[in-house]
Every structure is written in C-alpha cells, then in structure tokens.
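Shown next, in structure tokens, is the structure this report addresses.
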Ligand code: KPL
C-alpha cells in the first residue's frame, strides 16, 4: 500500500480536500508550521462538523516525506517548500495545486530529484476562520505531469480522488493550467478593481468591458504562442464561470479584503512576463497588474 498524503497548506482547498480524503478513509495528515500546530484542534466544515485529521510539523517528522500535496498559495510555495525540503525523500512525489502558473517550473529546476506534478481545481471553498471552511460549489480537479508521465498521473489521481472531491489525470496539464490561468486573469483582478462578486462583472457595464478586453488580450497572446485552440471562445468560458460562481468573492478579493498578499504575480504577473518575452502589448492586463500589486507590499 502507498504511503498516505501529507497536505501542505490548510487553507480553503487544502482543508476541504483533506476532509474529503479523511472521510474516504485515506488517512491524510496536515503539515503545519509549529505555531499553527499549537493552535490546531481539528478542521471544521460548515454544515458538516469537525474533523480531527492528524497534523504534524516538519520538525517532528520521523520518516522522510514520500507524498506531498501542496495546496498553499502560489507566493508562499517556494519558501514553504525550501523549509521542508530537507524532510522530503530524495524521489518524493510532490503534487502542486494552486492558482496561477510558473511556480511548478521553478520547483522543477530547484528540486529535479522530486517527481513533480501540477494541478488545477475548480472546487470552491472559502475560509471563514483558521481551520474553518465553507464549501462553495463542486468542481473538477485535474493533475498531470509537467514531463508528460500520464500513467503515473493516473495512479496519483486515483489516490487523491474521493467522493466530493473527484480528481482526474490530464495528459496535457499545461493546457489545463493555461485555461484556468485565463479565467483567473479575467475574473480575479477585476473583482478587486470593482470590489464585487464574480457575477457582478457581467452586470456592471464598465466591468464587463474590462472583462472583454482582458479576454481579448489573453487570446491575442495565446495566438502569438500558438495556443489559440486552448482558449477558443474564452469570453464565453469566462462568462460561464462567472455565472456559475456568481455569488463567490474571488480568492483574490478575499485576500485583499483580509489584508493578505494576493496571487497577482502568478496570475496576471506571469501573463505579463510571457507577453513581454513575446513582444506582445497587453495594456489592460499590465494596468491591472500594477494596480493590484500596489495593494499589498508583500506581493512585491
Ligand atoms: O478560481 C477562482 C478564484 O476565485 O480564485 C474563480 C474560478 C474565479 C472562482 O472564484
């Protein structure tokens, strides 16, 4: 039998996933910082109660970690992993599921010995207090290998899949990540600009004009990269997601409202970097990038 998963990042997605795995009898363990471990008394899921998943901190781990599911925010990942890297087995399996792009590639360069997988989820949840979450709509989760090992991704998807949190393997995870990046690029920064829920981006004419422009710029960039087939009908896709998640506050708006750093670097910042390298002008995205990174000094 394979080793159970350690989950790094007990935010909304990490906690929800952990609870669903725990309910399915897959015995995940939370990996917390020592100060968080001191406060931890179980995870609470609104409407369902308390779940006492085991939790450890890296310092107290006896055996090297062989399977790590990383659900922390993109801007926290590199430093969190450099703290725990000495506790990982040399060929550990590491699955990184978060918004944005770019972090997994950096991890791959820094830790070539790990078996690295990347993932994306449309499962919704928000954290109302530490270790307390509310689910906000069921979605799909895809994981895949950045180096294309589909068989291994299938095995991992099966072990991470559970009722209430289905996981599938994806043969081209870069395409799936690019599609989710397009959605986050359109919705997240604009919900911050207009301080609104996702659905209001469709009913506010100024916000909707911006949404159209962000999508058009993202599409033009995709054309320049030969990825246009990945984001055909982007505005329709974004409109559908904004409708389905109409009542949600985007994760970026939640971060801004809570005074936390946002994922703007891994979302719009990543796209602006790619556009600059390709010599493509994306002014609406550029302005959003500058505006949002100024909101929280730690983002810079
Ligand atoms: O992924 C999201 C987020 O808020 O980060 C969307 C899809 C925009 C849903 O809120």
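In the numbering used here, the protein residues as written are 152 to 451.
Glycine included, every Cβ here is placed at the ideal spot set by N, Cα and C.
If you're wondering where the values come from, they're calculated on a predicted model, not measured in any experiment.
C-alpha gap between residue i and residue j, whole angstroms
i	j	result
residue 345	residue 433	20 Å
residue 190	residue 354	42 Å
residue 199	residue 249	25 Å
residue 259	residue 270	14 Å
residue 286	residue 275	6 Å
residue 378	residue 425	13 Å
residue 161	residue 358	32 Å
residue 255	residue 246	9 Å
residue 316	residue 347	27 Å
residue 395	residue 214	43 Å
residue 211	residue 193	18 Å
residue 451	residue 445	Any reading at residue 451 is ruled out, since the residue's pLDDT is 46, under 50, leaving its predicted position unreliable.
residue 362	residue 333	11 Å
residue 364	residue 380	19 Å
residue 283	residue 411	17 Å
residue 144	residue 185	Summary: the structure shown does not reach residue 144, with the chain confined to residues 152 through 451, and so no result is reported for it.
residue 153	residue 328	27 Å
residue 197	residue 169	15 Å
residue 325	residue 297	7 Å
residue 313	residue 174	8 Å
residue 279	residue 223	16 Å
residue 209	residue 402	27 Å
residue 442	residue 164	27 Å
residue 167	residue 382	29 Å
residue 404	residue 435	18 Å
residue 232	residue 356	42 Å
residue 257	residue 439	24 Å
residue 360	residue 159	38 Å
residue 195	residue 427	44 Å
residue 268	residue 236	16 Å
residue 391	residue 238	42 Å
residue 413	residue 234	21 Å
Same chain, Cβ closer than 7 Å to residue i, five either side skipped, listed in chain order
i	result
residue 264	241, 242
residue 393	338, 349, 350, 352, 353
residue 437	423
residue 398	348, 350
residue 261	none
Beta-carbon gap between residue i and residue j smaller than 9 Å
i	j	result
residue 387	residue 447	no
residue 331	residue 419	no
residue 295	residue 304	yes
residue 216	residue 188	no
Contacts around residue i, its chain only, beta-carbon distance under 6 Å, and the 5 residues preceding and following it disregarded
i	result
residue 281	none
residue 244	218, 266
residue 431	372, 375
residue 319	293, 308
residue 288	275
Min CB distance residue i to chain B below 9 Å
i	result
residue 162	No chain B is present in this structure, which holds just one protein chain.
Contacts around residue i, its chain only, beta-carbon distance under 8 Å, and the 5 residues preceding and following it disregarded
i	result
residue 147	Shown here, the chain extends from 152 to 451; a query on residue 147 therefore has no answer.
residue 400	277, 342, 348, 349, 408
residue 421	251, 252, 253, 332
residue 417	225, 226, 249, 250, 251, 252, 253, 254
residue 301	295, 320, 322
residue 389	333, 334, 337, 338, 362, 366
residue 429	372, 375, 376
Check: Given 8 Å as the limit, is there contact between the stretch 196-213 and the stretch 223-233, that is, 3 or more CB pairs closer than that?
Finding: no
Item checked: Stretch-stretch touch, CB-based, cutoff 8 Å, three pairs: the stretch 358-373 with the stretch 331-342 -> yes
Margin query: At 4 residues or longer, what runs of the alpha helix (DSSP H) sit wholly inside the stretch 245-303?
Written below: 254-261
Next item on the list: At 3 residues or longer, and completely inside the stretch 315-373: list those beta strand (DSSP E) runs for me, N to C.
Entry: 318-320
Next item on the list: Entirely within the stretch 204-237 and at least 3 residues each: give me those beta strand (DSSP E) ranges in chain order.
Entry: Taking only runs of at least 3 residues, the beta strand (DSSP E) segments lying wholly in the stretch 204-237 are 216-221.
Item checked: Start-end ranges of the beta strand (DSSP E) lying completely within the stretch 362-429, minimum 3 residues -> none
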